[in-house]
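Enquirer: For what it's worth, the numbering used here labels the leading residue of the sequence shown as 21, then goes sequentially.
Glycine included, C-beta positions come from ideal geometry on N, C-alpha and C.
Small disclaimer: the values here were computed from a predicted structure and weren't measured.
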Amino acid sequence: MLRRELALALRARLAWMVAALSTLLVGHGFILAVDLYTAGSRSVRANVLMAREFDPLAGIVRPTLGGLYLAASLLVPLVAARPLAVEKERRSLGPLLLMTGSPGRVVAAKFAAAVASASLLLVGPAVALVAWRLAGGHLAPAETAVALVGHALYMIALCALGTAAAAWMGTLAQAAALGVVVVLSSWAIDAADGFAALAWLGGAAPWSFTTHLAPFERGTLMPADALWMLAATSLFLALARVGVGLDVSPRRKATAAALIVVVGVGVLHFVGEWRRGYDLTEARRASLPPAAVRALRHLRSPIALDVWLDRDDSRRRQMESDVVAKLRLARPDAAIRFPLDARPDPAEAAGEEGYGRTVVRVGGHRGETYSASRREIVTVIFEAAGAPPPSWWQPTYPGYPLVPMGRTRWWMAVVAYGLAPGGLLGAGLWITRRRRRS
Numbered sequence: 021m022l023r024r025e026l027a028l029a030l031r032a033r034l035a036w037m038v039a040a041l042s043t044l045l046v047g048h049g050f051i052l053a054v055d056l057y058t059a060g061s062r063s064v065r066a067n068v069l070m071a072r073e074f075d076p077l078a079g080i081v082r083p084t085l086g087g088l089y090l091a092a093s094l095l096v097p098l099v100a101a102r103p104l105a106v107e108k109e110r111r112s113l114g115p116l117l118l119m120t121g122s123p124g125r126v127v128a129a130k131f132a133a134a135v136a137s138a139s140l141l142l143v144g145p146a147v148a149l150v151a152w153r154l155a156g157g158h159l160a161p162a163e164t165a166v167a168l169v170g171h172a173l174y175m176i177a178l179c180a181l182g183t184a185a186a187a188w189m190g191t192l193a194q195a196a197a198l199g200v201v202v203v204l205s206s207w208a209i210d211a212a213d214g215f216a217a218l219a220w221l222g223g224a225a226p227w228s229f230t231t232h233l234a235p236f237e238r239g240t241l242m243p244a245d246a247l248w249m250l251a252a253t254s255l256f257l258a259l260a261r262v263g264v265g266l267d268v269s270p271r272r273k274a275t276a277a278a279l280i281v282v283v284g285v286g287v288l289h290f291v292g293e294w295r296r297g298y299d300l301t302e303a304r305r306a307s308l309p310p311a312a313v314r315a316l317r318h319l320r321s322p323i324a325l326d327v328w329l330d331r332d333d334s335r336r337r338q339m340e341s342d343v344v345a346k347l348r349l350a351r352p353d354a355a356i357r358f359p360l361d362a363r364p365d366p367a368e369a370a371g372e373e374g375y376g377r378t379v380v381r382v383g384g385h386r387g388e389t390y391s392a393s394r395r396e397i398v399t400v401i402f403e404a405a406g407a408p409p410p411s412w413w414q415p416t417y418p419g420y421p422l423v424p425m426g427r428t429r430w431w432m433a434v435v436a437y438g439l440a441p442g443g444l445l446g447a448g449l450w451i452t453r454r455r456r457r458s
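#1: With a 10 Å radius around its C-beta and 16 neighbouring C-beta atoms as the bar for buried, classify Trp413 as buried or exposed.
#2: In chain order, what residues of the same chain have a beta carbon less than 7 angstroms from the beta carbon of Phe131, not counting five sequence neighbours either side?
#3: Can you check which of these residues, Thr389, Val150, Leu259 and Arg305, is closest to Glu163 by C-alpha distance?
#4: Using the DSSP secondary-structure output, state which residues sit across from Val379 in a beta bridge.
#5: Along the chain, where does the alpha helix (DSSP H) containing Arg348 start, and where does it finish?
#6: Rounded to a whole number of angstroms, what is the C-alpha to C-alpha distance between Val287 and Leu255?
#7: Would you call the stretch 101-112 and the stretch 68-85 in contact, with 3 or more CB pairs under 8 angstroms?
#8: By DSSP, does Leu250 sit in helix, in strand, or in coil?
#9: I need the straight-line Cα distance from Asp55 to Ala155, nearest angstrom please.
#10: Does DSSP put Arg457 in a helix, a strand or coil?
#11: Could you check the C-alpha separation between Glu211 and Leu266 for me, to the nearest Å?
#12: Out of curiosity, what's the CA-to-CA distance linking Leu198 and Val166?
#13: Would you mind working out which of His385, Leu45 and Arg110 sits nearest Leu325, comparing C-alpha positions?
#14: DSSP puts Thr240 in a beta bridge; with which residues?
#15: Which runs of the alpha helix (DSSP H) at least 4 residues long sit entirely within the stretch 112-163? Give them in chain order.
#16: Which residue marks the beginning of the alpha helix (DSSP H) containing Ala355, and which one marks its end?
#17: Could you check which residue in Ser307, Arg336, Glu373 and Ser321 has the C-alpha nearest to that of Arg348?
#18: Taking just the CA atoms, how far does Arg23 sit from Ile280?
#19: Is DSSP giving Ser206 helix, strand or coil here?
#20: Helix, strand or coil: which one does DSSP assign to Ser307?
#21: Decide if Arg491 is buried, meaning its Cβ has at least 16 other Cβ atoms within 10 Å, or exposed.
#22: Give the C-beta separation of Leu88 and Ser42 to the nearest angstrom, bearing in mind that I take them to be a contact with Cβ-Cβ under 8 angstroms.
#23: Hey, quick one: how far does the alpha helix (DSSP H) through Asp361 stretch, first residue to last?
#24: Am I right that Trp328 and Gly292 are in contact with their C-beta atoms under 8 angstroms? What's the rounded C-beta distance?
Here it is as structure tokens:
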């Protein structure tokens, strides 16, 4: 049965058309990233210090995978719903269930077919990154692999979502629409992160796919985020198993689905509380200096930070992506709070006394600073703990500026805009061609 489902999925023209469109989007993002990276690289040829800021993970890999994220979010629910939805539209699902005698087996086969179809979308970023390496660009294997694994887990979760939507909806269009609505709901939660007007959604951030995908894109492996993606996949597949049942009343289906959702939400919440992470970036640049990390872990007292900054303040976004993320890697148990998020009018606090300060508590001792510098905040932590500040030496990240020479840029554009999407489209047309019966 699995072989049949995989063959049907890969012989569907829709899967290849979606893969070609996704590859085109990924290629466009890749070329834009290369142009920006090249323009900056030209200006730092003679400046070693500025060259250290040229990070291929942030400058090339992340924008390239951003195109994959957009394409997967909007197109994978459609591709993933198709294997099961087509059976329902053709009214062949009932006979298939009777023939196999196992709804779970049917769901597993349809999910595997969805994953096979969605995996074609990975061709685009793979081709783009190979083109970057052939052009002389640098890619650190570990951090690049972590970023790719994160997006692969996200796509697997979307495949399970599409399968569940197809199990509960009557047509492919309805299932695809439901899947996209769930994705857009996650985007709405993401929008609350940068706008005070949507602060009421801030508490829902742990339920957004993007929240759990972001650490992977920074080259940090967070087991909790990987488990969260897998738990979400299991939740969707369990809902799909209930949805395909033909001999179950709608009331019993609804009851079983509600129970699964309650248990699933509890599991997702429990998994999300695990904060341990591993920095797999080159030169461990996503972490604090090694001596600071060791010293922070040797502090026995609990650490808490209260950051008095509004969501719209650029200093807060800087701190969240820098010192807060690095402190959580060193001390996963550190409590990081933003008290202004609880106020109905956080923007008005900008004119109040004390706005912009970071209050540090280590055990029963307290310190504060108005600086957003990671070194200053870590120093205040050790001052509050009554310990000497550690050495701030850190392995030097050399940076990898690159200016493609000669016709290299032209060939990269040809591959991104023509050969990669065109090759997928051509392969799809050849594989899905109708064979004449002899």
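Expert: Inspection of the coordinates gives the following:
#1: Label assigned to Trp413: exposed.
#2: Answer for Phe131: Cys179, Ala180, Thr183 and Leu257, listed in chain order.
#3: It is Arg305.
#4: For Val379, which the question treats as bridged, DSSP gives the partners Asp326 and Glu388.
#5: Ala345 to Ala350 is the extent of the alpha helix (DSSP H) around Arg348.
#6: Roughly 9 angstroms separates the two Cα atoms.
#7: Contact between the stretch 101-112 and the stretch 68-85 is not established, with fewer than three Cβ pairs separated by less than 8 angstroms.
#8: DSSP places Leu250 in helix when its eight states are reduced to three.
#9: One C-alpha to the other measures close to 13 angstroms.
#10: Interpretation of Arg457 is limited by its pLDDT of 47, a score under 50 that renders its predicted location unreliable; the figure taken from the coordinates is listed afterwards. Of the three classes helix, strand and coil, the one that applies to Arg457 here is coil, per DSSP.
#11: This sequence places Ala at residue 211; Glu is not what is there. Between the alpha carbons of Ala211 and Leu266 lies a distance of about 39 angstroms.
#12: Each residue's Cα considered, the two are about 29 angstroms apart.
#13: With distances taken between Cα atoms, Leu325 lies closest to His385.
#14: Looking at the DSSP assignment, Thr240 forms a beta bridge with Asp299.
#15: Listed in chain order, they are 113-120, 123-138 and 143-154.
#16: Not the alpha helix (DSSP H): Ala355 falls in the beta strand (DSSP E), residues Ala355 to Arg357.
#17: Closest by alpha carbon: Ser307.
#18: Roughly 30 angstroms between the two C-alpha positions.
#19: Helix, per DSSP.
#20: In this structure, Ser307 counts as coil in the three-state DSSP scheme.
#21: This structure gives no information on residue 491, because the portion of the chain shown stretches from 21 to 458.
#22: 7 angstroms between Cβ atoms; contact.
#23: Taken as a continuous stretch (DSSP letters only), Asp361 belongs to no alpha helix (DSSP H), as it is neither H nor E.
#24: Actually they are not in contact, since the Cβ atoms of Trp328 and Gly292 sit about 25 angstroms apart, beyond 8 angstroms.
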